[in-house]
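*Asks:* Following this message is one structure expressed as structure tokens.
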Amino acid sequence: MDWKVRKLTTHTPEFLGLPTGVWPTGGGFDRAGEDIVIGFVDSGIYPHHPSFATYNTEPFGPCLKYKGKCEVDPDTKKEFCNGKIVGAQHFAEAAKAAGAFNPAIHFESPLDGDGHGSHTAAIAAGNNGIPVRMHGYEFGKASGMAPRARIAVYKALYRIFGGFVADVVAAIDQAVHDGVDILSLSVGPNSPPATTKITYLNPFDATLLSAVKAGVFVAQAAGNGGPFPKTLVSYSPWIATVAAAIDDRRYKNHLTLGNGKILAGLGLSPATHLNRTYTLVAANDVLLDSSVSKYSPSDCQRPDVLNKRLVEGKVLLCGYSFSFVVGTASIKKVSQTARALGAAGFVLAVENISPGSKFDPVPVGIPGILITDVSKSMDLIDYYNTSTPRDWTGRVKSFDAVGSIGDGLMPLLYKSAPEVALFSARGPNIRDFSFQDADLLKPDILAPGSLIWAAWSPNGTDEPNYVGEGFAMISGTSMAAPHIAGISALVKQKHPNWSPAAIKSALMTTSTTMDRAGRPLKAQQFSETEAMKLVSATPFDYGSGHVNPRAALDPGLIFDAGYEDYLGFLCTTAGINVHEIHNYTNSPCNFTMGHPWNLNTPSITIAHLVGTKTVTRTVTNVAEEETYTITARMDPAVAIETSPPAMTLRSGSSRKFSVTLTSRSLTGTYSFGEVLLKGSRGHKVRIPVVAMGYQR
14 MDWKVRKLTT HTPEFLGLPT GVWPTGGGFD RAGEDIVIGF VDSGIYPHHP
64 SFATYNTEPF GPCLKYKGKC EVDPDTKKEF CNGKIVGAQH FAEAAKAAGA
114 FNPAIHFESP LDGDGHGSHT AAIAAGNNGI PVRMHGYEFG KASGMAPRAR
164 IAVYKALYRI FGGFVADVVA AIDQAVHDGV DILSLSVGPN SPPATTKITY
214 LNPFDATLLS AVKAGVFVAQ AAGNGGPFPK TLVSYSPWIA TVAAAIDDRR
264 YKNHLTLGNG KILAGLGLSP ATHLNRTYTL VAANDVLLDS SVSKYSPSDC
314 QRPDVLNKRL VEGKVLLCGY SFSFVVGTAS IKKVSQTARA LGAAGFVLAV
364 ENISPGSKFD PVPVGIPGIL ITDVSKSMDL IDYYNTSTPR DWTGRVKSFD
414 AVGSIGDGLM PLLYKSAPEV ALFSARGPNI RDFSFQDADL LKPDILAPGS
464 LIWAAWSPNG TDEPNYVGEG FAMISGTSMA APHIAGISAL VKQKHPNWSP
514 AAIKSALMTT STTMDRAGRP LKAQQFSETE AMKLVSATPF DYGSGHVNPR
564 AALDPGLIFD AGYEDYLGFL CTTAGINVHE IHNYTNSPCN FTMGHPWNLN
614 TPSITIAHLV GTKTVTRTVT NVAEEETYTI TARMDPAVAI ETSPPAMTLR
664 SGSSRKFSVT LTSRSLTGTY SFGEVLLKGS RGHKVRIPVV AMGYQR
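Below you can see the structure in the form of structure tokens.
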């Protein structure tokens, strides 16, 4: 039985500094990503979207290095490719064999029946300056990270069931064979495979090792199982594992009540008319017929059960039930109900919170607000009940509660960004499916992944709030991975001969662990009392830190590694079977690395530090000759020393340095630190250090 997989941007280019700091160096946005091919293993693409159109761009020449084929739409007989999209194929053999494939909704072509694939492709490589219009409002201009990069589509994910590993693996193999430069994967294993206990040899990671061997850079979503530890679905050193951050743009709105209270909430909506208030009516008080209770009328999904005469011109109050969490009810439907009844607006009140509820603002065409804070919902309900006199049967005598909804269309920019998103999967990384801690840090890097506007497929059904729309604003590590795929295209464009490890190193060593206000990064975490709180973030939340694209183009030094190094890492991993490695790689084991922590990664992790251990790293200078001083700091439970104190590297030359860690006290928790290499020409190269100390 084939096991299943799960799939896991208008403002982020500015937030990341691309228009001013990165695109000009590559010749402007109309050259950013030129001749780089990004492969997307996802749910396909909607090729007619303006984010992928070629009618307003300089013509694309042929892409000679890419050999992928272009399927033809069986219904329209049109090609999926247009010069911007250079390849489009779909993979469904395993899905068909399992009886899960339905051509009516899954489409026997690369057409996106979900929305997710179009969204991820547009984040990485969508055209620049595409207006995001919805319900008559414009929410800004969308652009991909590398707007001139080419898109190669490998559809292996389908709506409802997700996908099958065999189809995803076939898609990855084909992409590598076709000659993509970069792979963007917003999918990961759903459950441990039956075939191996070692995380690095699960079918995804094993297939991706051959991709990296062929020189392909791989960005993979970390997973959406946060904020719990060990929830990653991307494990191996040859992959860039991407965690999701909240950027500095937030949408807020407020409801003003007749008693003067102002209740904060979410609503990407226009305001009710200024300088006037509207009568509030609760859905349960305006039912046409009291016998309809088999549908929950309070969630306002059906206009036909409510009395239009009583709702017209008023603000309709609805309840946010469990149906919204599971997706059988949607905010879009509430706005359609309110509009059909002629309401002036709507309010959705959350009365009890299930842990892990994430409330995203949804764009609606009429005034509307979601009150997410339970105590504020209670304020609203109390005010409504005291202002709405009833007779002895409970029927309303007169609706005397009033209120008005503010303007939620303008975003606010916050200094506290970036923050690690609540849902973003957390380390520590595991080396096997018994959850043994790995000697390798994951995730690798943090990128924007919350409330990202990008292209949507009008026949996409993945998000009930965006059915039939051309754009969607959604969250997930699925949105973070294509940010890194697109940024890596900009790095590869500038440094065409760099290995995947070199590109990953450049992104990691130049990343930041500070937010915009200059304070250490925070992570969203569950709280006992409210939806969430902010705690100090660690490398298990963000890896090396939040991506800084401008710095990544000129990192100074890189930590390089290749296929042989990854084999050495596998061979020295505890509990691994040498024959198993041979089966996957056709290579004999070489144990000269000694320990997996000696793999030349831009991070150092020792899960079980007893006494003293010395780790070596090799750096290669990719800039002019420069002298680097090496310093380190670490939490007090583990002592850290580096050698030599300084070194001079000519352009192109490599040098080794060592880091010695000594366990000082048994804390039962991980200690965090960093090694900093500071160059005389201004380069700063930082790597995280993570260790758990034990006593002998």
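Mapping the sequence shown onto our numbering, position 190 (from 1) lands on 203, and the numbers just tick up by one. Ideal Cβ placement from N, Cα and C applies to all residues, glycine included. The model shown is predicted, which means the values in this text are computed figures rather than measured ones.
First and last residue of the alpha helix (DSSP H) that includes K321?
*Replies:* Counted from its first residue, the sequence shown places residue 321 at position 308. Unbroken alpha helix (DSSP H) run through K321: K321 to V324.
*Asks:* Just curious, the beta strand (DSSP E) that F359 is in, first and last residue?
*Replies:* For this step, residue 359 is matched to residue 346 along the sequence shown. Per DSSP, F359 belongs to the beta strand (DSSP E) from G358 to A362.
*Asks:* Measuring only the C-alpha atoms, how far is G175 from A108?
*Replies:* As a first step, residue 175 must be located in the sequence shown, where it is residue number 162. As a first step, residue 108 must be located in the sequence shown, where it is residue number 95. About 9 Å.
*Asks:* Counting C-beta neighbours from all protein chains within 10 Å, is the total for W405 16 or more, i.e. buried, or is it exposed?
*Replies:* Start at 1 with the first residue of the sequence shown, and residue 405 comes out as number 392. Exposed: under 16 other Cβ atoms inside 10 Å.
*Asks:* Hey, L319 and L354: beta-carbon distance below 8 Å or not?
*Replies:* Here residue 319 is taken as the residue at index 306 of the sequence shown, counted from 1. Here residue 354 is taken as the residue at index 341 of the sequence shown, counted from 1. Against a cut-off of 8 Å, the Cβ pair of L354 and L319 comes out as a contact.
*Asks:* Let me know if T640 comes out buried or exposed under the rule of 16 or more other beta-carbons within 10 Å of its beta-carbon.
*Replies:* Residue 640 sits at position 627 when you count from the first residue of the sequence shown. In the assembly as shown, T640 is an exposed residue. Its beta-carbon has fewer than 16 other beta-carbons within 10 Å.
*Asks:* Give me the DSSP bridge partner(s) of V651.
*Replies:* In the sequence shown, the residue the question calls residue 651 occupies position 638. According to DSSP, V651 bridges with S676.
*Asks:* Can you look up P368 in the DSSP assignment and give me helix, strand or coil?
*Replies:* Numbered from its first residue, the sequence shown carries residue 368 at position 355. Reliability of the predicted coordinates at P368 is poor, the pLDDT of 49 falling under 50, and the value obtained from them is presented with this limitation in mind. Coil, per DSSP.
*Asks:* What is the residue span of the alpha helix (DSSP H) that T490 lies within?
*Replies:* On the sequence shown, position 477 is the one that residue 490 refers to. Start and end: T490 to K507.
*Asks:* Do you know offhand how far L679's Cα is from L622's?
*Replies:* Start at 1 with the first residue of the sequence shown, and residue 679 comes out as number 666. Start at 1 with the first residue of the sequence shown, and residue 622 comes out as number 609. L679 and L622: Cα-Cα distance of roughly 10 Å.
*Asks:* Give the secondary structure of A578 by DSSP, where H, G and I count as helix, E and B as strand, and everything else as coil.
*Replies:* Translated into the one-based positions of the sequence shown, residue 578 becomes position 565. A small correction: the amino acid at residue 578 is Asp; Ala does not occupy that position in the sequence shown. Helix.
*Asks:* Taking contact to mean at least 3 C-beta pairs separated by less than 8 Å, is the segment 177-196 in contact with the segment 87-96?
*Replies:* no
*Asks:* Can you name, in chain order, every residue of its own chain whose Cβ lies under 7 Å from the Cβ of D125, other than the five neighbours on each side?
*Replies:* As a first step, residue 125 must be located in the sequence shown, where it is residue number 112. For D125, where only same-chain residues beyond five positions count, the Cβ hits under 7 Å are S56, G57, I58, Y59, S131, S470 and G473.
*Asks:* State the DSSP-derived secondary structure class of P240, mapped to helix, strand or coil.
*Replies:* Translated into positions along the sequence shown, residue 240 becomes position 227. Note: P240 maps to coil in three-state DSSP.
*Asks:* Determine whether the beta carbon atoms of A253 and D386 lie at a separation below 8 Å.
*Replies:* For the purposes of this step, residue 253 is identified with residue 240 of the sequence shown, where counting begins at 1. For the purposes of this step, residue 386 is identified with residue 373 of the sequence shown, where counting begins at 1. It is not a contact, given that the beta carbons lie outside the stated cut-off.
*Asks:* So what's C584 in DSSP terms, helix, strand or just coil?
*Replies:* If you number the sequence shown from 1, residue 584 lands on position 571. Here C584 sits in helix by DSSP.
*Asks:* Measuring alpha carbon to alpha carbon, tell me which of L503, P202 and A227 ends up nearest F217.
*Replies:* Taking the sequence shown and counting its residues from 1, one reaches residue 217 at position 204. Here the closest residue by C-alpha is P202.
*Asks:* Suppose you measure from the CA of T614 to the CA of R315; what does that come to, to the nearest Å?
*Replies:* Translated into the one-based positions of the sequence shown, residue 614 becomes position 601. Translated into the one-based positions of the sequence shown, residue 315 becomes position 302. Between T614 and R315, the C-alpha separation is close to 56 Å.
*Asks:* Starting from S557 and walking both ways along the beta strand (DSSP E), at which residues does that stretch end?
*Replies:* Reading the sequence shown from its first residue, position 544 is the one you call residue 557. Element bounds for S557: n/a, residue is neither H nor E.
*Asks:* Near D648, which residues of its chain fall below 7 Å by C-beta distance, leaving aside the five closest residues on each side in sequence?
*Replies:* In the sequence shown, residue 648 corresponds to position 635, counting from 1. Only residues of its own chain outside the window of five on either side were considered, and among them S684, F685 and G686 have a CB closer than 7 Å to the CB of D648, listed in chain order.
*Asks:* Can you tell me the Cα-Cα spacing of S488 and A134, whole angstroms?
*Replies:* The residue labelled residue 488 in the question sits at position 475 within the sequence shown. The residue labelled residue 134 in the question sits at position 121 within the sequence shown. Between the alpha carbons of S488 and A134 lies a gap of roughly 15 Å.
*Asks:* Would you give the residue range spanned by the beta strand (DSSP E) that T717 belongs to?
*Replies:* Here the chain has residues from 14 to 709 only, and residue 717 is not among them.
*Asks:* A169 and G100 look like a contact to me (Cβ under 8 Å); what is the Cβ gap, rounded to whole Å?
*Replies:* Position 156 of the sequence shown, counted from the start, is the residue given in the question as residue 169. Position 87 of the sequence shown, counted from the start, is the residue given in the question as residue 100. That belief does not hold up - the Cβ atoms of A169 and G100 are roughly 14 Å apart, past 8 Å.
*Asks:* Give me the Cα-Cα distance between V255 and S247, rounded to the nearest whole angstrom.
*Replies:* For the purposes of this step, residue 255 is taken as the residue at position 242 of the sequence shown. For the purposes of this step, residue 247 is taken as the residue at position 234 of the sequence shown. Using only the alpha carbons, I get a separation of about 9 Å.
*Asks:* Which of the three DSSP states is assigned to K346 in this structure?
*Replies:* Your numbering for residue 346 matches position 333 in the sequence shown. Looking at K346 - three-state DSSP - the assignment turns out to be helix.
*Asks:* CB-CB under 7 Å to A519, same chain, minus the five flanking residues each way: which ones, in chain order?
*Replies:* Position 506 of the sequence shown, counting from 1, holds the residue named residue 519. Within the same chain, A519 has close Cβ partners V504, A565, P568 and I571.
*Asks:* Evaluate the contact criterion for the segment 410-420 versus the segment 513-530: three or more CB pairs, one atom per stretch, below 8 Å.
*Replies:* no
*Asks:* What's the gap between the Cα of I259 and the Cα of A467?
*Replies:* What you label residue 259 is simply residue 246 of the sequence shown in a count that begins at 1. What you label residue 467 is simply residue 454 of the sequence shown in a count that begins at 1. Those two C-alpha atoms are separated by around 16 Å.
*Asks:* Are the CB atoms of V347 and V181 nearer to each other than 8 Å?
*Replies:* The count along the sequence shown starts at 1 and reaches residue 347 at position 334. The count along the sequence shown starts at 1 and reaches residue 181 at position 168. Cβ distance not < 8 Å, so V347 and V181 don't count as in contact.
*Asks:* Would you grab the beta carbon distance between F372 and C313 for me? Rounded to a whole angstrom, and I think it's under 8 Å.
*Replies:* Translated into positions along the sequence shown, residue 372 becomes position 359. Translated into positions along the sequence shown, residue 313 becomes position 300. That pair is no contact at about 17 Å.
*Asks:* Please work out which residues of its chain come closer than 8 Å, Cβ to Cβ, to Y291, disregarding the five sequence neighbours upstream and downstream, and give them in chain order.
*Replies:* Residue 291 sits at position 278 when you count from the first residue of the sequence shown. Once the five neighbours on either side are set aside, the close Cβ partners of Y291 are T285, G326, K327, V328, A357, G358, V415, G416 and S417.
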